[in-house]
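For the sequence shown, position 113 matches number 113 in the UniProt record's numbering, and the numbering has no gaps at all.
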Amino acid sequence: MAIIFGGIIGYGRERERRPAGLRTHILVSIGATLAMTTNIYMYEMYSISSDPTRLGAQVISGIGFLGAGTIIVTGKNKVRGLTTAAGLWACACMGLAIGAGFYSGAIIGCLFIASVTAVLSKLDKKINRNSRNITIYILVNSTKAASKLLEDIQSANVKISDIEISNNNVSSNDLIGILLGLRISGDICHNDFIESITNKNEVIFLQEIN
């Protein structure tokens with residue numbers, strides 16, 4: 001059960017190319033299950049007068065170091081890995097339920113965790129696509145190109161709420177990186193606006209930050 005349920009959750013993260021994928025989630029699930037069954041075994045076998053859930057509690061708090069390793073802040077000020085970290089913690093709790101013999105809880109937990117990470121991710125992306133507030137990172141090849149791009153964006157009835165400009169020396173070419181927080185009006189299609197900026201000659205790279 002630990003392998004199958006951990007694999008179900010990990011497969012969805014693997015498809016999204018997240019730092020913790022199929023193998024990581026399976027290992028977390030197996031490890032949590034083993035910790036719980038070992039604790040129960042020691043309690044029953046050796047009549048240890050201690051809390052039989054002590055190891056399980058340590059798993060819940062200890063899994064934080066692994067989750068923290070999946071959370072990164074990119075050079076574009078984008079925080080990634082929060083959902084993966086939360087999924088690992090939930091996967092560990094599911095493993096504890098399996099180890100304790102609480103199979104119905106583990107099954108229900110697996111279904112809910114898999115639904116949140118897989119199904120709701122599509123809803124999350126749809127909400128972001130329809131948002132009026134967007135953040136994009138753009139690379140252009142010169143300061144002149146950056147100025148022209150900003151003028152084009154403002155002339156398209158788009159409000160610039162935040163801007164951060166940095167120089168990036170790549171292959172001896174001075175590239176200008178622009179991090180923009182934008183507010184688009186209701187009559188502008190989100191996807192069409194992003195595509196129009198991407199297709200401009202001065203734009204070398206564009207990434208929307210969700």
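For glycine and all other residues, C-beta sits at the position ideal for the given N, C-alpha and C.
Query - THR53 in three-state terms, based on DSSP - result: coil
Return the bridge partner residues of TYR137 from the DSSP annotation.
LEU179, GLN207
Worksheet item: Quick one: is ILE26 buried, meaning 16 or more other Cβ sit within 10 Å of its Cβ, or exposed?
Response: buried
Suppose the cutoff is 6 Å on Cβ atoms and the five residues either side in sequence are ignored; what does the same chain contact list for TYR43 look like? PRO52
Hey, is PHE205's beta-carbon within less than 8 Å of any beta-carbon in chain D?
Absent from the structure is chain D; it holds one protein chain and no more.
- So is SER171 buried or exposed if we call it buried at 16+ other beta carbons inside 10 Å? Caution is warranted here: a pLDDT of 47 is assigned to SER171, below 50, making its placement in the model unreliable, and no coordinate value can be reported.
Open item on the list: Which residue wins for smallest C-alpha separation from ALA92, given the options HIS190, THR198, ALA2?
Closed with: ALA2
How about GLU202 and LYS159: are their beta carbons less than 8 Å apart? no
Taking buried to mean at least 16 other C-beta atoms within 10 Å of its own C-beta, is ALA68 buried or exposed?
exposed
Q.
Does ASP152 come out as helix, strand or coil in the three-state DSSP assignment?
A. helix
LYS144, DSSP secondary structure in three states
helix
Reducing DSSP to helix, strand and coil, say where VAL170 ends up. Residue confidence for VAL170 is low, a pLDDT of 48 falling below 50, so the modelled location carries little weight; the figure read from the coordinates is stated next. Reduced to three states, the DSSP call for VAL170 is strand.
Pair within 8 Å by beta-carbon distance, SER29 and GLY6:
yes
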